[in-house]
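Working notes, beginning with the structure itself.
Numbering (the numbering used here), first residue to last: 7 to 213.
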């Protein structure tokens, strides 16, 4: 149809570009290329500067938190003898590796620090008979519980949170770079459409 402007077609994919091509002066370099180059460098430097600080702050806060948790657990939990009320199941083959790893929850009788006798459920090795004695951790209420956190576990959890903080900063930087790149790409396409709308009439011949 005469006077119809064909839709703009984006340019073909660019050939492989050398490293730092956005920084190299050339007539085809767009302003958005320079902006994206500087933005990428800024984001990279920001991530390198913020990630260690975030990791240190989060790791220190996590270490203090878990250290307090471990101290509270040490004050409210203690290791004591527990007597099985019933026989434990014997499902795994005796002497097998599976038997060494398997635990079954059974009722046991314990004495709290206040001298009260009560029953709770604790995980024990298979095959133990009633009246067998096992060592378990209990809390102030006499309930079976896990052992208090060790210093190694405290450091390990703190290091894990520090690593997560550093990864979070890196992911945030990558997201900022990706979103900004998308915005700049859309701006390039909009400018391409505008330029094509001005140029296309001179390239088309009315029929």
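Backbone N, C-alpha and C fix where the C-beta goes; we use that ideal spot for every residue, glycine too.
Taking the CB atoms as reference points, tell me whether residue 177 and residue 137 lie closer together than 9 Å. Between residue 177 and residue 137, the gap from beta carbon to beta carbon reaches 9 Å or more.
Residue 87: first and last residue of the uninterrupted beta strand (DSSP E) it sits in: 84 to 90
Using beta-carbon positions only, say whether residue 189 and residue 49 come within less than 9 Å of one another. no
At the level of alpha carbons, what is the spacing between residue 154 and residue 115? If you take the alpha carbons of residue 154 and residue 115, they lie about 21 Å apart.
Could you give the distance in angstroms between the alpha-carbon of residue 150 and the alpha-carbon of residue 87? 11 Å
Mind checking which residues open and close the beta strand (DSSP E) that includes residue 124? 123 to 130
Going by DSSP, which residues form a beta bridge with residue 72? Residue 72 is not bridged to any residue.
8 Å contact criterion, which residue 84 and residue 122 should meet: CB distance rounded: With 8 Å as the limit, residue 84 and residue 122 do not qualify as a contact, their Cβ atoms being about 14 Å apart.
Distance between residue 53 and residue 168 (C-alpha atoms, nearest Å): 15 Å
Report the residue from 78, 58, 43 whose alpha carbon sits nearest the alpha carbon of residue 156. Cα-wise, what sits closest to residue 156 is 78.
Buried or exposed for residue 195, please, with buried defined as at least 16 other CB atoms from any protein chain shown within 10 angstroms of its CB. exposed
The beta strand (DSSP E) enclosing residue 154, as first and last residue numbers: It is not in any beta strand (DSSP E) - residue 154 carries neither H nor E in the DSSP assignment.
Residue 132 versus residue 107 - alpha carbon distance: 10 Å
For residue 159, name the three-state secondary structure that DSSP assigns. In the displayed model, residue 159 falls within a helix according to three-state DSSP.
For residue 42, which residues in the same chain have their Cβ closer than 8 Å to its Cβ, ignoring the five residues on either side in sequence? 28, 186, 187, 190
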